[in-house]
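Residue numbers (the working numbering): 9 to 167. Glycine is no exception: its CB is placed at the ideal position from the N, C-alpha and C atoms. See structure below.
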Amino acid sequence: MAKPLIVYFSKTGHSKQLARLAQTLVGGDLCELNLVARYPENYILSVMRSGASLIAGELPKLRQIPDISAYREILLCYPLWWWELPTPVMRFLHDVDTTGKTIYPICSCGGGGLGKSVKRIRKLAPYAAVQKGIFIREADTNNKTAAESLAAYLAPLGK
């Protein structure tokens with residue numbers, strides 16, 4: 009089986025931890041989404057800027073758009089901001105061709121569940137097979153519960 013691409017956007021490190029855990033569980037290549045104009049260091053200001061971009065319909069520019077053509081499965085790790093997919097992740101999905109890909113949403117948040125993120129992924133990647141998605145609380149990203157939940161969710165990918 010071909011290895012997946014694990015794409016992540018992380019401000020506080022929780023989504024990055026989940027991406028690395030996913031890599032440990034199923035293998036694959038890691039790809040971090042980095043912005044041309046970085047968000048402020050302050051978390052609240054970053055979330056506010058992303059929210060303002062969302063309201064204005066503007067997507068931030070990414071430093072590099074990964075070539076996903078060699079991958080069938082994409083694991084998408086991200087935080088939930090404003091009950092939504094963060095705008096950098098929206099930009100990624102806007103700029104790549106996900107036709108025929110299978111996308112596994114992996115969301116971290118303080119307690120908001122998946123929010124509208126999976127619905128947004130399906131809208132931005134209409135020709136991809138977007139899986140149900142999994143939500144892992146940020147407080148659990150370092151513990152056994154997260155590893156077990158993520159292992160069960162990613163079991164169809166094997167290793």
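Mind checking who residue i pairs with in its DSSP beta bridge?
{"i": "Pro113", "result": "Leu84"}
{"i": "Arg71", "result": "Per DSSP, none; premise fails for Arg71."}
{"i": "Ile142", "result": "Ile114"}
{"i": "Trp89", "result": "Glu92"}
{"i": "Ala137", "result": "Thr110"}
By Cβ distance, which residues of its chain are closer than 6 Å to residue i, with the 5 residues on each side in sequence left out?
{"i": "Phe100", "result": "Leu41"}
{"i": "Thr110", "result": "Glu81 and Ala137"}
{"i": "Arg1", "result": "Nothing can be reported for residue 1: it is not among the residues displayed for the chain, which extend from 9 to 167."}
{"i": "Phe121", "result": "One point to set straight first is that residue 121 is Gly, not Phe, in the sequence displayed. Within the same chain, Gly121 has close Cβ partners Phe143."}
{"i": "Pro134", "result": "none"}
For the beta strand (DSSP E) that contains residue i, what are its first and last residues?
{"i": "Val15", "result": "Leu13 to Tyr16"}
{"i": "Leu38", "result": "Asp37 to Glu40"}
{"i": "Arg99", "result": "Segment Thr95 to Asp103 is the alpha helix (DSSP H) holding Arg99; no beta strand (DSSP E) there."}
Grab me the residues of residue i's own chain with a C-beta within less than 7 Å of its C-beta, minus the 5 sequence neighbours each way, in chain order.
{"i": "Ala27", "result": "Ile14, Tyr16, Leu38 and Cys85"}
{"i": "Ala12", "result": "What sits at residue 12 in the sequence shown is Pro, not Ala. Closer than 7 Å at Cβ, skipping near neighbours: Val34, Gly36, Tyr79, Glu81, Ile82, Leu83 and Leu165."}
{"i": "His179", "result": "The structure shown has nothing for residue 179, since the chain only spans 9 to 167."}
{"i": "Gly123", "result": "Leu88, Trp91 and Glu92"}
Assuming residue i and residue j are in contact, meaning their beta carbons sit under 8 Å apart, how far apart are those beta carbons, in whole angstroms?
{"i": "Leu93", "j": "Ser125", "result": "4 Å"}
{"i": "Glu146", "j": "Cys117", "result": "6 Å"}
{"i": "Lys19", "j": "Pro68", "result": "The Cβ separation is near 13 Å, so there is no contact."}
{"i": "Leu62", "j": "Trp90", "result": "6 Å"}
{"i": "Leu162", "j": "Ala60", "result": "No, Leu162 and Ala60 are not in contact; Cβ-Cβ is about 34 Å, not under 8 Å."}
Where does the unbroken alpha helix (DSSP H) through residue i begin, and where does it stop?
{"i": "Arg46", "result": "Run containing Arg46: none; DSSP gives neither H nor E here."}
{"i": "Thr32", "result": "His22 to Val34"}
{"i": "Ser157", "result": "Lys152 to Leu162"}
{"i": "Ser125", "result": "Ser125 to Leu132"}
Just to confirm my understanding: we take residue i, look at its own chain, exclude 5 residues before and 5 after, and list those with CB closer than 8 Å. What are they?
{"i": "Arg128", "result": "Glu92, Leu93 and Met98"}
{"i": "Leu70", "result": "Leu41, Asn42, Leu43, Val44, Pro96, Arg99, Phe100 and Asp103"}
{"i": "Ser54", "result": "Lys19, Tyr47 and Pro48"}
{"i": "Glu66", "result": "Thr95"}
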